[in-house]
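So the sequence lines, in the order shown, correspond to chains G and R. Our numbering applies: residue 1 is where the first sequence begins, and numbers increase by one. Our numbering applies: residue 257 is where the second sequence begins, and numbers increase by one. Everything below concerns the one structure shown next.
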Amino acid sequence: MSAGATIRREGVPVVFGVACLLALIALIEVLIRIGMINPFIVPKPTDIVMSFERIIMEENILPRFFLTCGEALMASLMLSVAGISIGVLLHKSRIVRLATETWVAAVASAPLVLMYPLFLVIFGRSAWTIIMIAFVSALPPVILKTLEGLSGTRPVLINVGRSFKLTPSQLYWKILFPSALPTIFVGVRLGMIFALINIVGVEFLINFGGLGQLVNELAERYDLPGTYAAICFVILVSVLFFISTERIERWLRPGT
Amino acid sequence: MPAADPILVVENIVKRFETQDGVLTAVDDVSFNVVPGEFLSVIGPSGCGKSTLFNVIGGLMGDYDGRVTVGGETVRGPHASIGMIFQEESTFPWRNVIDNVAFPLEIAGMGRAERIERGRHFINLVGLNGFERRYPAELSGGMRQRVSMARTLASEPKILLMDEPFAALDEQTRLLLGDKVLQIQQDLKQTTLLITHNLTEAVQLSDRILVMTYRPGKLKRLVEIKLPRPRTSEIVSSDDFGRYVAQIWSDLREEATKGLKDDEARRGGEKSS
């Protein structure tokens with residue numbers, strides 16, 4: 001198959017995906033215009049597009065966007081380092097794993113965001129309060145997925161390592177860890193979703209700044225097109241982080 | 257085979273497992289020798305302890321009675337002189353072909369340029385030149401097994417220990433890969449011990465075949481295969497080949513029947529309980 005044909009074949013799903021999205025937006029526009037959707041609940045997509053310039057120029061959205069991105073980046077780095085390290089530790093120590101695994105799983109479903117007053121007392125009204133709440137809330141999936149990935153390494157790969165007389169450290173870094181990476185990255189992505197939800201939510205709650213605060217302000221002013229435009233920037237943060245993790249995963253673990 | 261000093265000596269191996277139904281003897285008093293350059297196969301029905309024997313000889317399983325020695329040295333764990341090829345697909349999916357094959361050289365501390373060059377030699381040996389930069393996901397099952405074989409050969413083991421390496425492949429691929437194994441074994445004069453349940457594979461490749469009984473796995477008979485070398489898969493159509501297959505099958509049939517009945521009885525028991 002020629003290179004051009006390959007590009008065309010790979011480009012088709014992307015074009016189809018974008019076309020579906022545009023078709024959905026057009027459908028919503030039509031349904032609002034013919035009165036089937038109340039414009040006071042969902043603004044017209046064309047109004048949202050028109051409001052982008054206004055929220056960029058008047059609402060200082062770029063510094064807010066970078067603040068939210070920075071908080072998300074810091075929380076993601078912290079939860080990746082801590083979550084993977086704790087997961088490795090739990091995998092190495094059976095007793096610690098049996099003693100704590102259920103608790104970690106329980107914390108994963110606990111609404112830790114409600115503890116924001118405690119974090120406010122500890123870290124003050126700063127970005128660190130937001131980062132720490134996001135970090136703590138998003139940590140359990142990274143730990144659990146790291147543990148799952150390491151435990152799920154195929155025994156035959158471990159036997160290959162043993163047959164080549166690998167040291168325990170070589171066995172870990174040359175076989176167990178790369179084998180577990182796809183599952184660990186599922187955990188990191190899940191963690192980042194949890195983190196971003198908490199970041200935007202707490203920005204909203206403590207009125208600190210960032211995109212969460214802007215969404216709240218615009219909603220309170222009943223500027224619905226502006227609110228939806230600000231939400232688009234939150235989605236952009238999420239998309240940027242998702243693409244970045246995908247690239248990092250492909251770099252760390254090629255061939256998948 | 258000529259009477260040379262054995263390179264591998266397996267003496268009175270007994271391996272028992274604790275099960276819910278009591279102690280199960282998987283391998284019972286198995287002894288044999290392999291001389292340098294020899295291709296020896298161990299054949300037996302499913303459940304005769306072949307894979308247990310593979311793990312014991314490879315040093316992956318301890319806590320057994322008896323002794324395994326390689327070149328006079330007792331095996332107490334994985335041994336540098338024994339290279340293992342496993343039944344299941346065992347390439348590293350995150351490494352391309354060249355990096356998979358060069359893995360043991362990397363572990364040995366060889367520099368990248370040198371190990372890539374050495375790796376290419378073994379890739380050529382298994383006939384995968386041109387696929388160096390491909391990842392296992394892009395290869396067929398037979399090609400992936402050849403990558404595993406090249407990786408094990410790259411560690412230059414004195415003894416190649418294979419556990420049904422072509423079990424998951426179709427018959428035609430299996431015969432063709434058998435040719436490749438024969439060619440490599442003859443070129444390198446590689447001492448090889450093959451664990452298998454496949455009759456044609458065993459006769460096609462071996463100098464001697466050890467037939468094992470069904471549980472507990474004991475040695476039932478030793479058959480010397482006096483087919484001419486060098487061989488190819490064309491040998492399967494010869495009369496002598498057919499006679500060897502028939503001879504070994506007459507020994508195996510009784511054992512395979514016992515295994516089948518035992519399996520049926522166990523499943524019947526599970527159903528009624």
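In this text, a Cβ means the ideal position worked out from N, Cα and C, and glycines have one as well. Small disclaimer: the values here were computed from a predicted structure and weren't measured.
query	result
Indicate whether the contact test is met: 3 or more Cβ pairs, each with one atom in the region 404–422 of chain R and one in the region 167–178 of chain G, closer than 8 Å.	no
Between arginine 250(G) and glutamate 412(R), what straight-line distance do the alpha-carbon atoms span, to the nearest angstrom?	32 Å
My parser needs the beta strand (DSSP E) runs of 3 or more residues fully inside the region 312–363 of chain R; what are they?	321–326 and 338–341
Count the CB pairs spanning the region 326–337 of chain R and the region 490–501 of chain R that are closer than 8 Å, and state whether there are at least three.	no
Does any CB atom of chain G fall closer than 9 Å to the CB of methionine 340(R)?	yes
When you compare the CB of alanine 424(R) with every CB in chain G, is at least one pair closer than 9 Å?	no
Since phenylalanine 295(R) is in the beta strand (DSSP E), which residue starts that stretch and which ends it?	295–299
I want to see whether chain G comes within less than 9 Å of tyrosine 470(R), judged by CB atoms only; does it?	no
May I ask you to verify whether the region 117–127 of chain G touches the region 175–183 of chain G, counting CB pairs closer than 8 Å and requiring at least 3?	no
Measure the alpha-carbon distance for leucine 450(R) versus isoleucine 299(R) and round it to whole angstroms.	8 Å
How many Å lie between proline 258(R) and leucine 147(G) at the Cα?	Since pLDDT at proline 258(R) reaches only 47, below the 50 mark, its modelled position is unreliable, and the value read off the structure follows with that caveat. So the two alpha carbons sit approximately 53 Å from each other.
With a cut-off of 9 Å, does the C-beta of phenylalanine 348(R) fall near any C-beta of chain G?	yes
Drop a sphere of 10 angstroms on the beta-carbon of arginine 464(R), count the other beta-carbons inside from all chains shown, and report buried for 16 or more, exposed for fewer.	buried
Starting from the beta carbon of phenylalanine 164(G), find every residue of chain R whose beta carbon is closer than 8 Å, and list them in chain order.	Pro334, Phe359, Pro360, Ile363 and Ser411
Threshold first: 4 residues or longer. Then list the alpha helix (DSSP H) segments lying entirely within the region 168–213 of chain G, N to C.	177–206
Can you name, in chain order, every residue of its own chain whose Cβ lies under 8 Å from the Cβ of isoleucine 440(R), other than the five neighbours on each side?	Leu381, Val382, Met405, Leu409 and Gln446
Please classify arginine 523(R) as buried or exposed, where buried requires at least 16 neighbouring CB atoms within 10 angstroms.	exposed
In this structure, how does DSSP classify threonine 456(R) when only helix, strand and coil are distinguished?	helix
Within its chain, find whatever has a CB closer than 7 Å to the CB of leucine 432(R); leave out the 5 residues flanking it on each side and keep chain order.	Ser489
I believe serine 462(R) touches phenylalanine 295(R) by the beta-carbon criterion, under 8 Å. Please report the beta-carbon distance rounded to the nearest angstrom.	5 Å
So proline 392(R) and threonine 347(R) are supposed to be a Cβ contact under 8 Å. How far apart are they, rounded?	4 Å
Kindly indicate if chain R contains any beta-carbon less than 9 Å away from that of serine 169(G).	no
Straight-line CA distance for asparagine 207(G) to isoleucine 199(G)?	12 Å
If you draw a straight line from the alpha carbon of arginine 97(G) to that of leucine 190(G), how long is it in whole angstroms?	21 Å
For glycine 83(G), go through chain R and note every residue whose CB falls closer than 7 Å to its CB, in chain order.	Ordered by position in chain R, no residue passes the 7 Å Cβ test against glycine 83(G), which lies about 21 Å from the chain.
What's the call for threonine 68(G), buried or exposed, on a 16-neighbour Cβ count within 10 Å?	buried
Check distances from the C-beta atoms of the region 294–319 of chain R to those of chain G and list, in chain order, the residues that come in under 7 Å.	Gly314 and Leu316
Just how far apart, CA to CA, sit glutamate 388(R) and arginine 374(R)?	12 Å
Could you run through the region 130–155 of chain G and flag, in chain order, every residue whose CB is less than 8 Å away from some CB of chain R?	Arg154
What's the C-alpha gap between glutamate 511(R) and threonine 275(R)?	22 Å
Do the CB positions of glycine 305(R) and proline 472(R) come within less than 9 Å of each other?	yes
Throw me the rounded Cβ distance for the alanine 134(G) and glutamate 203(G) pair, which I believe falls under 8 Å.	That belief does not hold up - the Cβ atoms of alanine 134(G) and glutamate 203(G) are roughly 10 Å apart, past 8 Å.
Kindly indicate if chain G contains any beta-carbon less than 9 Å away from that of arginine 272(R).	no
Closer than 8 Å by beta-carbon distance: list the chain R residues that pair up with arginine 253(G), in chain order.	Trp350
Taking lysine 271(R) as the reference, give the member of Asp261(R), Asp426(R) and Asn311(R) with the closest Cα.	Asn311(R)
Is proline 117(G) close to chain B? Criterion is C-beta to C-beta, closer than 9 Å.	Of the protein chains in the structure, G and R, none is chain B.
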